[in-house]
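Encoded as structure tokens, the structure appears first; notes follow it.
In this note's numbering, the protein residues as written are 1 to 258.
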């Protein structure tokens with residue numbers, strides 16, 4: 001497999017992870033992990049070996065995340081007793097893409113299912129090597145520890161279509177390994193703070209009491225004044241409307257008595 005093909009694989013994984021997000025933490029994260037590989041007996045190597053890997057990924061929606069990852073195992077060859085497999089080491093390096101779909105809320109323990117695939121590089125004793133596709137699937141459990149760090153534990157099965165390492169020795173051309181891993185995801189940068197929209201309520205001023213007002217200054221308050229446009233000096237009644245003034249009393253002349 002040439003360098004161009006590897007670059008295409010990485011670009012596909014990161015391109016799928018670049019979907020714009022709105023309502024969830026879509027920061028890229030760094031995901032180191034380690035664990036044990038329970039190797040297929042047909043590989044003629046140690047049955048158990050140490051696995052170390054790392055990934056880079058992000059959530060593409062509230063429940064689903066995509067990782068581009070690489071991991072490696074190194075195993076001692078197990079001689080087959082007839083001299084066709086010698087002592088030495090067999091190493092296996094994989095580069096792949098995995099999709100994980102989670103269930104439950106961010107704050108709780110979140111179970112998930114995982115599917116993935118990629119290419120596997122095999123190296124026996126530093127001389128016999130080749131590339132082959134692999135696929136994998138598994139289940140896991142994750143839990144947020146802080147705003148940036150989450151725990152991840154996973155059990156997976158990896159099917160490796162290695163058709164070169166032992167094909168001319170034992171006739172085997174595919175292998176299945178069980179993986180148990182523990183790891184972390186560490187988000188890059190700080191979380192975006194939620195912007196709280198505060199609606200400002202403007203209270204309307206309380207209108208003044210009409211019983212305390214007399215706009216036309218006629219002595220009748222605005223509540224009772226039915227003629228609010230009376231002019232100063234007019235005689236008004238209890239309703240504030242003009243009334244005719246009472247006629248002036250005429251004094252009759254008195255007869256003079258001397």
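We put the CB at the ideal spot given by N, CA and C, even for glycine. In this text the structure is predicted, and so the values were computed from the model without any measurement.
Please classify residue i: does DSSP put it in a helix, a strand, or coil?
| i | result |
| --- | --- |
| residue 67 | strand |
| residue 231 | coil |
| residue 146 | coil |
| residue 130 | strand |
| residue 123 | strand |
| residue 58 | strand |
| residue 181 | strand |
| residue 212 | helix |
| residue 245 | coil |
| residue 217 | coil |
| residue 226 | coil |
| residue 188 | coil |
Using alpha carbons as the reference points, say which of the options lies closest to residue i.
| i | options | result |
| --- | --- | --- |
| residue 97 | 71, 213, 103, 78 | 71 |
| residue 35 | 152, 227, 220, 68 | 152 |
| residue 99 | 110, 200, 67, 229 | 67 |
| residue 189 | 105, 154, 147 | 147 |
| residue 92 | 112, 187, 125 | 125 |
| residue 26 | 53, 59, 47 | 59 |
| residue 102 | 174, 114, 157 | 114 |
| residue 39 | 65, 236, 174 | 174 |
| residue 56 | 95, 90, 107, 89 | 95 |
| residue 45 | 69, 61, 65, 73 | 73 |
| residue 48 | 200, 223, 177 | 177 |
| residue 135 | 212, 123, 159, 129 | 159 |
| residue 75 | 105, 223, 43 | 43 |
Give me, in chain order, the residues of the same chain whose beta-carbon lies closer than 7 Å to that of residue i; leave out the 5 immediate sequence neighbours on both sides.
| i | result |
| --- | --- |
| residue 209 | none |
| residue 41 | 47 |
Short of 8 Å in beta carbon distance, which residues of its chain neighbour residue i, apart from the five on each side in sequence? Order them along the chain.
| i | result |
| --- | --- |
| residue 241 | 226, 227, 230 |
| residue 63 | 101, 102, 103 |
| residue 149 | 184, 185, 186, 187 |
Within the present structure, is the beta-carbon of residue i separated from the nearest heavy atom of the ligand MG by less than 7 Å?
| i | result |
| --- | --- |
| residue 227 | The ligand MG is not among the ligands present in this structure, which contains no ligands whatsoever. |
Can you find the residues in the same chain that come closer than 6 Å, C-beta to C-beta, to residue i, ignoring five residues on each side of it along the sequence?
| i | result |
| --- | --- |
| residue 154 | 138, 140, 181 |
Enumerate, from N- to C-terminal direction, the unbroken beta strand (DSSP E) stretches of 3 or more residues contained entirely within the segment 82-113. Unbroken beta strand (DSSP E) runs of no fewer than 3 residues, entirely contained in the segment 82-113, are found at 89-102, following chain order.
Take every Cβ of the segment 25-34, pair it with every Cβ of the segment 177-189, and state whether three or more of those distances are shorter than 8 Å. The answer is yes - the segment 177-189 touches the segment 25-34, with three or more Cβ pairs under 8 Å.
Ordered list of beta strand (DSSP E) runs contained in the segment 19-54, each at least 3 residues: The segment 19-54 contains, as complete beta strand (DSSP E) runs of 3+ residues, the segments 29-38 (chain order).
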